Each structure stands twice: as C-alpha cells, then as structure tokens.
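Trainee: Have a look at this one before I ask anything.
Number of protein chains: 2
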Amino acid sequence: MLNFFPIHIDKKSKSPIYQQLGDALHDLIEQEILKPNMKLPPIRTFAEHLKINNVTVVNAYKYLENKGVVYSQMGSGTYVSPLPIKETPSSIFLEQLDSNEKDLTTPEQNTINFVTLSPPTDLFPVDDFKALFNTVLERDKGNAFNYQESQGYLPLRESVCDYLHHYGIQTSPDKIQIISGAQQGIDILSKALLRYGDILFVESPTYHGAIAAFQSRGGRIIEIPIEKDGMDLKVLENYMKLYHPKFIYVMTYFQNPTGISYSVDKKRALLNLAEQYDTYIIEDDYLSDFTYSSRPIVSLKALDHRNRVIYIKSFSKILMPGLRLGFLVLPKSILQSVLSAKHTSDISTSGIIQRTFDLYLRSDLWKKHSKDMQNIYKDRYACLLTEIENLLLEYVSYIPPEGGLSIWLQLKDHYSIEEICNRLLSYGVIVSPGSLFSFNTSTLPYIRISFATVDNEHIKKGIQIFYDVLKEYQENNKKGLSH
Amino acid sequence: MLNFFPIHIDKKSKSPIYQQLGDALHDLIEQEILKPNMKLPPIRTFAEHLKINNVTVVNAYKYLENKGVVYSQMGSGTYVSPLPIKETPSSIFLEQLDSNEKDLTTPEQNTINFVTLSPPTDLFPVDDFKALFNTVLERDKGNAFNYQESQGYLPLRESVCDYLHHYGIQTSPDKIQIISGAQQGIDILSKALLRYGDILFVESPTYHGAIAAFQSRGGRIIEIPIEKDGMDLKVLENYMKLYHPKFIYVMTYFQNPTGISYSVDKKRALLNLAEQYDTYIIEDDYLSDFTYSSRPIVSLKALDHRNRVIYIKSFSKILMPGLRLGFLVLPKSILQSVLSAKHTSDISTSGIIQRTFDLYLRSDLWKKHSKDMQNIYKDRYACLLTEIENLLLEYVSYIPPEGGLSIWLQLKDHYSIEEICNRLLSYGVIVSPGSLFSFNTSTLPYIRISFATVDNEHIKKGIQIFYDVLKEYQENNKKGLSH
C-alpha cells in the first residue's frame, strides 16, 4: 500500500519535514485517496520507507490530529477521521428561514412553506397560556422569576411523570431534567457525554441540528443507514464492534427526515446491542404524538429495562416552538453530569414558563389541544398523500409514514435536486433538499415536504407547482439528451 | 533535572512501558514535583536516559495528553497542563444552594444568606411584568410563542442599543446577540471561540461558573493575579508572549469576588495588549449598574475602538434572575460563529420574555426600578461596611469596593477558612469561602460576604455572629498554641 502514496519530501525545503509529510497526507485525504477510518501506515515502517526519522512521522500525524483530519487510538494506530470537522452554513440558513419566516412583518403572502415543522401561530393556544400566566403570577409572585432548581421545577417534573405514564414510561421526578427545548437537550447531552474526538452514531439521513451540536463538541460522527423499519442492524453491529460509540442518536417514530418508524424487533435489537456494547441510546421523541394509524406508540424508553435509553421530548412541534421547553428522562448513571452540563449552559430554564406549562399539563387543556392538532394534521396528511398520488408518482417514490409532519420523496437519481429546489423557489414554493440531512454527501436524491403550516388549499396548489416544475424539468432534460 | 525524576521502568511488567512511564509522570505532576507549564524532557534525551525507545516516550506523552494532564506545542515540546481538568462539585453545590434557597417551601427562617448575589423576591417588579406580559400577548398573539430569530427579537436589540448609548457604548442591532442569561453568554462564547486545548486567561480569583464553562469546552485556563486596580500587567504581558490566548475574561467593575475595579490606565493597557497580541477580551458586566461612588462607569467596551472587546450583560442581578435574559455586543468578526453557537445551543431565547423585556426597557419603569435598587443596596452596603469596621478589623482586612453586592475579606493566613465557614453555618450564617473562586488552589484565605438578600437588621446580626466565631476561633487557637 505504501508504494501507492505519491509523497515527495524535499529535505532542502524551508518547511519542516513533518509539515511537508502532513500536508501531503492531508491532500490525499481531501482527494479521498485515503478514505475515512482508514489506518495510516505504522510509524516505523513509514519512516523507513520515506527514509526519515520516526519522530518526524509522529509529528506529522500529530500535526494532522491537531487539524482534526486524523485521530489516534492508543496501542492501535492513527486513522483518517470520518469527517473533516466543518461548518454547516447551509443548514443554518435554512433553519433561519424556518425560524424567521413567521416573524417577518411583511411576509411574502404567496410563499408556500413546505419546510417548517412547527404549527402556524393561529393554532397556538395563546389565550389558555395567557390565563395560566396570570394564575401563576398571582400564586407565586416573585418566586416565578427567581432562579429555579437547575434540574427543573419539581411540580413540573412530577406532572411530566404522570404524562409519561400514559405512554408506558415509568419514571420518577429525580430522573427528569427540564430543558429549554430539544436542541438544548441534545447540546447538554453532548456536553455531558462526549469528550473531544469521541465517536457517536447517528441515523443516515438525520436531523441537521443534532449533527451541528455533536460536531461542535468535537464528536466524530458515524452514519448508520436506515431501512424502512429502522437502522440497518448488520452495519450497526459491525460498526459497534469497531468503534464502541459513546451513544447512538435515533428518532424511533416518524424519523426526521425519512418518516420511518422502528419495528418492535429492531427496537429490541437496538436495546440488546446497547447492553452488549455498553453504550447509551438517545431517543429523540420530537413528534410521536402525531400518529395517524391505530397502532399504539411504544417508545424505546418504554422497553428500556436496563437503563440504556436517554429520552428527549420537546413540545415545540405539538404546542408552540417559542415555549423553549422540553425534558429528558435520564439513566441514574448520568444524572449528575447532565445536571452539571445544564448548569454551565444556562443555569436553569425560565421559571415562569415552567410553572405555566406545569398548570397546562395538569389541566385537560393539554389533552384537548393535542387531540385537536392531531385531527388537523391527519386531515392535511391525507390531502398531501392524495395530491402526491394523483400528480407526482411518475417522478417520485416514497414510503408513506404512519405519522408526523412530512413526507420524504425520492426523486430519480439523475435529477438535480438543487435545480428543482431553485425552480420551486422561483414559484414561491420552499422545500428541504435531502443534502441538508447528511454531512458527508453533498447530494441525496430526496426532498422533504412538510405540511405543518400549509392548509389543504395551499397543499394542492403547492403540489401542482411541484408537478409543473418536475414535468418541465424532465422535458428539458429529454431535449438536452436528444441533442 | 532528569536525574531528579524517580522513575522506575520494569521491562518485565505486563503493563506496556509507555503506560508505566506515563503513570510515573502523572504521579509527579499530581505531587506537584512537575509544576504547571513546566516543560517535559525532550523525547530523544529522555529516551536515552531511560534506555527506552523514542516512540515509547512519544506514546507516554500522548497517553498523558489524552488524559488532559499535559499539552504539546508543535515544534516546542510537551508541557504540564496548567490544571488537571477536573470536576468542580463544590462550586455546583454552592450555586445550587444559591439557586434553591428561595425556592424551598420551608426555608430555614433564621438563615442569614451572605452567599447569593440576586435580589430578594419581594423586590422583583412582578406587577409591572405581569401587566406587560398581557400587553404583549394582546398585541403579538401567537407570534410571541413562535420561534424567534436566533440573534434575538429585533425591537429588543434596538432598545438594547439605546440603553447602551447611555453608557457610552455606540453599537447597532446587527452586533447584538440576545442570550438566555450571562452563563449562556459565557457558554456560547466558549463554543464559538475555543477549540479543545486552546488557552485562555482569567483573573485570579474569578467567577466559578465561567471556569466551569471554559473547562467544559476543553479550554486550558491560565490565571492572572489581580491587584487593586486590575490585572497584574507584568504577569499578563509575559504570559501573552508565551501563550497567545484565545481570549481574556475580565470583570472590569466590582470584580467577582474581589470587588476591585479597573483603573483607566489598566483598561487602556489591556486594550493595547489585546491589539498587540491579536486576541479578544470578554468583558462580563454583571453589576456595573450598582455603583456607590460618583465616578462615572466607563466600560472597556466604551473604550474599544479596535473591536477587541466582547461585552456580556445580564439582568439577573439588577432585575430578576429567573428572567434568563441578557445580551452580547460582538465584534463583527465573530458574529457568525456566535450566532451558530447560539443556534446549536437552544435555537433562540424565549420570545415572550424578549418581547416583554423590550417594553420594560423602553418604559421609564426600568430606570425607576434600577434607581430604587441602587438606593436600597447603597444603604445595605454602608451598613455592612460600618459593622465590619466596628467589629472585624482585628481579624480581617479588605479593600472597600466602589459598588457591587459583596465584600471580599482577607483573613489571617493561618486561619482555617473551612473551619470558620462550618462554625458560621452552625449558627445559621452562610458565606462563600475563597477557594470557590480559583481552580488550582484549594485554600485562599478569603471569605466573600454578599448582602444582596440581607437587610440591615440581619447584616448586623450576621456580622456579630461572624465576630463571635472569629474571636472564639482565635482564643482556641491561642490555647492550642500555648499547650
């Protein structure tokens, strides 16, 4: 293998030899001649081969390690990093679009937003919250604005346990950590569990906000492909043996972006693997409340008898994203480190929000709202499916999800997703390109269509535009080919 | 120097030689025979001396580096880390005490709390906020609960600029980042600016919450001693040359815990050094509003014409800690990376809190409240100083701060601070021991007395108990010596 490395060392050059060697290897890595997780040559052999000193090779590897391009495993060797740690500006751009779009004072009236996963503001239970705010302030006065326990307001942790009981999750308030939204949950778990260079597994494709948080802690991310009923277990098991990850991040219901849900068998297999290889599973339950089938929801956490599952729940998608509220259910073993990570992150979540939400959860308002939202979304979901069936089947394929707020459309391989997205945009339709949900492939022949803020009228209009764009694209493509 | 290292390598042992060597060095570091920032022997010399292979020494150093015990600088060598990265459970315990004490349903009525820096709940402007909450919900409805721009609600960023204008800071809304409290500000700045192993400077002693956040990002912290008018510039300049830190974290007014403020000369010198060595200064303005002298407040940021200062402001101490609201003023060069760090941390700060606070800041309520609080605290400050002058001068010395909420008492060197704190606790008086504000000395002969929640009656009672405890301690000590 060594003979294939086109490395030239110039001993007369002014740059130190370790740096010349490091830069040459870096080039090979960037050109993907040296591939992710490939082992670099052993130090002594490589040094002999290049006729340089052992320590120079060590320094070259070290130089690359400082750049994050390779990693070393004690007693085993040095390997090419699974990814160059890089910024992800495009995802931030799109999330911004997602966040801001409702907040503009002069929104583009004609935009059809198939990107956002949050409910439209006119469906927020604002009046209920207003009344409860006032109740809390009457009752608690200044205490509502004081520091709260970092772990969270105790009565809220109690009502969260009651809520979970309905989903078959038995836990106690001492295992609940209140968080300022799911993104913070992911962030503080990264802080508590990851040390720089640690390996973790995610589904491929997955939620870009999680990738960004893991990357920002220096986590090395390995993607495990998913099938229609969950992670590919063969790949997973092979990789578990190789890497012993710190944790596996999954969405078991209506996975973002694919919409798939895990089978019971795969859930059990995942739990067994976690036990066997002594790792944790982070289960991000961002949306299981919106199921449109009659099958009961059974989270991984509900099946977790060996304390392997860390459960994240947020209320952004069900209730209102601006609440910035959610919770974690934690194995006892990591309670203290998560509490400490929460404390250094923002000390505690807003007391007035926690207290108001506690009253909301204890009232019947919550159940009613959740049911109402489910009905509205079920109707939109049916409408979207019908429109896709009627118009798009010539161009796309997909697996109908059993719930959630989006559909993951696979387009024909040779389509340029970027070009299609741009054309849609020119007609005022915004969608999420597949590339947003993976960090090491710049193209995935998919588009995610979310209907959280789009009513049936606009779903019909939007899919009609989608059809027109695809048809025109295909015709131009054919013309291009025939020339 | 090598001859003094008592290192024994057993080539017949089952543990690898690199590990034996690493463990032996680790012991020497723990015993402080090898001191922080001391250079380890050069690889080849050391290997010859120990009659082992170069690569074994390299592996031993690497093994220690993975543990965070040493760090390496390319082309220069390997050095003992300024600190072993360790958990700080004691500080978390005390902060918890601080946070929870108001929230207990059955507080110990007789406790005199000289620890907390937050105002008592009965001084919170709850009614004003309640009225404004309702105004916001009437006006903005669902928008108040939607995602907000990650950078912060624009009208609030505008009113923050007006507020800053009164303090001589000229900036614009595009340079403001809204944060969920100062702790989050420190955390996201760490995320945006630090890479694992980067060096940063702090004042010694300093705020333990900042240390915890920097440590959690793998930052290597160097402490710069402070004098009565700011950092020791000689030490600072020497260390700047050596380390080129990513940033310097300072509190220019009523520093926590010492209470000192920077002279104008030191502020200018600090800015010049930042320019010369191309680094940033994080100025944590947690309390400058509470000044009791007639001298105007001139922040580092107001003097910063070369965009070296990152300014953090929170309203926890002035208004209500449970608001979880503050802001950063940022140099343009780091706007994007801070925004991205905020986004991966919690997407955005609560919209309803931002909107309500915006109205508060625009009204005259803010000015009135801030003035009222200042008067209350000025009175308590005078009372505390008088009591200390009357009773404690035999046992303690201190520099009277020009503002803030605490006094930093230096006790005689041979006093056991731990024992004194425990005795005070047994009489129901809690104080902050000096050791809490440094991470590499377990004893600092200081105690911080804060009067934020203690009225004059309890200040008098508390200092009387302090006097009794010190007197008794000294008498016992004398008896002990005479035996």
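Here the protein sequences line up with chains A and B, keeping their order.
Mapped onto this note's numbering, the consecutive letters of the first sequence carry residue numbers 1 to 483.
Mapped onto this note's numbering, the consecutive letters of the second sequence carry residue numbers 484 to 966.
Just so you know, even glycine gets a beta-carbon here, dropped at the ideal spot from N, CA and C.
As the structure is a prediction and not an experimental result, all values here were calculated from the model.
1. Please go through the stretch 677 to 724 of chain B and give each complete beta strand (DSSP E) segment of 3 or more residues, from N-terminal end onward.
2. At which residues does the alpha helix (DSSP H) containing Ile500 of chain B begin and terminate?
3. Alpha carbon to alpha carbon, how far is Glu402 of chain A from Thr689 of chain B? Give it in angstroms, no decimals.
4. Using a Cβ-Cβ cutoff of 7 angstroms, what residues of the stretch 782 to 809 of chain B are near chain A? List them in chain order.
5. With the cut-off set at 8 angstroms, would you say Thr839 of chain B and Phe607 of chain B are in Cβ contact?
6. Start and end of the alpha helix (DSSP H) containing Ser823 of chain B?
7. For Leu392 of chain A, which residues in the same chain have their Cβ closer than 8 angstroms to its Cβ, ignoring the five residues on either side in sequence?
8. Using a Cβ-Cβ cut-off of less than 8 angstroms, give me the residues of the stretch 137 to 149 of chain A that come near chain B, in sequence order.
9. Is Met517 of chain B helix, strand or coil when you go by DSSP?
10. Strictly by DSSP, which residues pair up with Thr78 of chain A?
11. Is it buried or exposed, Ser91 of chain A, if we count other Cβ atoms within 10 angstroms and call 16 or more buried?
12. Is it true that the CB of Val733 of chain B sits closer than 8 angstroms to the CB of Ile764 of chain B?
13. Pick out the complete beta strand (DSSP E) segments inside the stretch 842 to 921 of chain B, 3 residues or longer, and give them in chain order.
14. Count the C-beta pairs between the stretch 315 to 334 of chain A and the stretch 644 to 661 of chain B that are closer than 8 angstroms, then say yes if the count reaches three, no if not.
15. Out of A:Phe437, A:Asn143, A:Lys301, A:Asp278, which one is the CA nearest neighbour of Pro245 of chain A?
16. In the DSSP output, which residue or residues are listed as bridge partners for Lys141 of chain A?
17. Run the CB neighbour count on Asn476 of chain A, radius 10 Å, all protein chains shown included, and call it buried at 16 or more, exposed below.
18. If you follow the beta strand (DSSP E) that Glu766 of chain B is in, where does it begin and where does it stop?
19. Give the DSSP-derived three-state secondary structure of Ile942 of chain B in the structure shown.
20. Please report the straight-line C-alpha distance between His343 of chain A and Lys550 of chain B, rounded to a whole angstrom.
21. Quick check on this structure: which residue in A:Ile310, A:Asp358, A:Arg217, A:Leu273 has the alpha carbon closest to the alpha carbon of Ser828 of chain B?
22. With 16 as the cutoff for other CB atoms within 10 Å, does Asn422 of chain A come out buried or exposed?
23. For Leu556 of chain A versus Tyr18 of chain A, is the C-beta spacing smaller than 8 angstroms?
24. Could you tell me if Val812 of chain B is buried or exposed, where buried requires 16 or more neighbouring beta carbons within 10 angstroms of its beta carbon?
25. Under the assumption that Val454 of chain A contacts Phe114 of chain A (Cβ atoms under 8 angstroms), give the Cβ distance between them as a whole number of angstroms.
26. Would the beta-carbon of Lys267 of chain A fall within 8 angstroms of that of Leu303 of chain A?
27. Suppose you measure from the CA of Ala757 of chain B to the CA of Ile731 of chain B; what does that come to, to the nearest Å?
28. When burial is assigned at 16 or more other CB atoms within 10 Å of the CB, is Gly322 of chain A buried or exposed?
29. Tell me, please, which residues DSSP counts as bridged to Tyr311 of chain A.
30. Could you pull the start and end residues of the alpha helix (DSSP H) that Phe529 of chain B belongs to?
31. Applying the criterion that 16 or more other CB atoms from any shown protein chain within 10 Å of the CB defines a buried residue, is Leu300 of chain A buried or exposed?
32. Decide if Asp10 of chain A is buried, meaning its Cβ has at least 16 other Cβ atoms within 10 Å, or exposed.
33. If I follow the unbroken alpha helix (DSSP H) through Gln276 of chain A, where does it start and stop?
34. Can you pull the chain B residues whose beta carbon is under 7 angstroms from the beta carbon of Gln184 of chain A, in chain order?
35. With a threshold of 8 angstroms between beta-carbons, can Asn113 of chain A be considered close to chain B, or not?
36. Could you check whether the Cβ of Tyr196 of chain A sits closer than 8 angstroms to any Cβ belonging to chain D?
Mentor: The structure says:
1. 682 to 687, 703 to 710
2. Numbered from 1 along the second sequence, position 17 holds the residue referred to as residue 500 of chain B. 500 to 513 is the span of the alpha helix (DSSP H), which, as asked, contains Ile500 of chain B.
3. Your numbering for residue 689 of chain B matches position 206 in the second sequence. Your numbering for residue 402 of chain A matches position 402 in the first sequence. Rounded to the nearest angstrom, the two C-alpha atoms are 54 angstroms apart.
4. Met803, Pro804, Gly805, Leu806, Arg807
5. On the second sequence, position 356 is the one that residue 839 of chain B refers to. On the second sequence, position 124 is the one that residue 607 of chain B refers to. Not closer than 8 angstroms, so no.
6. Translated into positions along the second sequence, residue 823 of chain B becomes position 340. Looking at the DSSP string, the run of the alpha helix (DSSP H) that includes Ser823 of chain B is 818 to 829.
7. Counting from 1 along the first sequence, the entry for residue 392 of chain A is found at position 392. Leu409, Ile463, Phe466, Tyr467, Leu470, listed in sequence order.
8. Leu137, Lys141, Gly142, Asn143, Ala144, Phe145, Asn146, Tyr147, Gln148, Glu149
9. For the purposes of this step, residue 517 of chain B is taken as the residue at position 34 of the second sequence. First, the residue type needs correcting, since residue 517 of chain B is Leu and not Met in the sequence shown. Three-state DSSP puts Leu517 of chain B in coil, outside helix and strand.
10. Numbered from its first residue, the first sequence carries residue 78 of chain A at position 78. Looking at the DSSP assignment, Thr78 of chain A forms a beta bridge with A:Ser72.
11. Stepping through the first sequence from its first residue, residue 91 of chain A is reached at position 91. For Ser91 of chain A, the pLDDT reaches just 38, beneath the cut-off of 50, and the residue's location in the model is therefore unreliable, although a value from the coordinates is still provided. Looking at its Cβ environment, which holds 16 or more other Cβ atoms inside 10 Å, Ser91 of chain A is buried.
12. Working through the second sequence from its first residue, we reach residue 764 of chain B at position 281. Working through the second sequence from its first residue, we reach residue 733 of chain B at position 250. Result yes, Cβ atoms of Ile764 of chain B and Val733 of chain B sit closer than 8 angstroms.
13. 889 to 894
14. no
15. In the first sequence, counting from the first residue as 1, residue 245 of chain A sits at position 245. It is A:Asp278 whose Cα lies nearest to the Cα of Pro245 of chain A.
16. Along the first sequence, read from residue 1 onward, the residue named residue 141 of chain A stands at position 141. For Lys141 of chain A, which the question treats as bridged, DSSP gives no partner whatsoever.
17. By one-based count along the first sequence, residue 476 of chain A stands at place 476. Per the 10 Å Cβ criterion, exposed.
18. To locate residue 766 of chain B, count along the second sequence from 1; it is residue 283. Per DSSP, Glu766 of chain B belongs to the beta strand (DSSP E) from 763 to 768.
19. Residue numbering aside, residue 942 of chain B sits at position 459 when the second sequence is read from its first letter. Here Ile942 of chain B sits in helix by DSSP.
20. Locating residue 343 of chain A in the first sequence gives position 343, counting from the first residue. Locating residue 550 of chain B in the second sequence gives position 67, counting from the first residue. When rounded, the distance between both Cα atoms is 24 angstroms.
21. Translated into positions along the second sequence, residue 828 of chain B becomes position 345. Out of A:Ile310, A:Asp358, A:Arg217, A:Leu273, A:Arg217 has the C-alpha closest to the C-alpha of Ser828 of chain B.
22. Numbered from 1 along the first sequence, position 422 holds the residue referred to as residue 422 of chain A. Result: exposed.
23. No information on residue 556 of chain A is available, as it lies outside the stretch 1 to 483 that chain A covers here.
24. On the second sequence, position 329 is the one that residue 812 of chain B refers to. Counting Cβ neighbours within 10 Å, Val812 of chain B comes out buried, since at least 16 surround it.
25. Within the first sequence, the letter at position 454 stands for residue 454 of chain A. Within the first sequence, the letter at position 114 stands for residue 114 of chain A. Val454 of chain A to Phe114 of chain A, Cβ: 6 angstroms. Contact.
26. For the purposes of this step, residue 267 of chain A is taken as residue 267 along the first sequence, with counting starting at 1. For the purposes of this step, residue 303 of chain A is taken as residue 303 along the first sequence, with counting starting at 1. Yes, Cβ-Cβ distance for Lys267 of chain A and Leu303 of chain A is below 8 angstroms.
27. Taking the first residue of the second sequence as position 1, residue 757 of chain B is located at position 274. Taking the first residue of the second sequence as position 1, residue 731 of chain B is located at position 248. Taking the straight line from one Cα to the other gives about 8 angstroms.
28. Start at 1 with the first residue of the first sequence, and residue 322 of chain A comes out as number 322. Looking at its Cβ environment, which holds 16 or more other Cβ atoms inside 10 Å, Gly322 of chain A is buried.
29. Your numbering for residue 311 of chain A matches position 311 in the first sequence. According to DSSP, Tyr311 of chain A bridges with A:Glu283, A:Val329.
30. Here residue 529 of chain B refers to the residue found at position 46 when the second sequence is read from its first residue. 526 to 533 is the extent of the alpha helix (DSSP H) around Phe529 of chain B.
31. The residue you call residue 300 of chain A lines up with position 300 of the first sequence. Leu300 of chain A is buried by the Cβ-count criterion.
32. The residue you call residue 10 of chain A lines up with position 10 of the first sequence. With fewer than 16 Cβ atoms within 10 Å of its Cβ, Asp10 of chain A is classed as exposed.
33. Counting from one through the first sequence, the residue named residue 276 of chain A turns up at place 276. 264 to 276 is the extent of the alpha helix (DSSP H) around Gln276 of chain A.
34. Stepping through the first sequence from its first residue, residue 184 of chain A is reached at position 184. Neighbours of Gln184 of chain A on chain B, chain order: Ser828, Asp829.
35. Here residue 113 of chain A is taken as the residue at index 113 of the first sequence, counted from 1. With 8 angstroms as the cut-off, Asn113 of chain A does not count as an interface residue toward chain B.
36. Within the model displayed, chain D is absent; protein chains A and B are what it includes.
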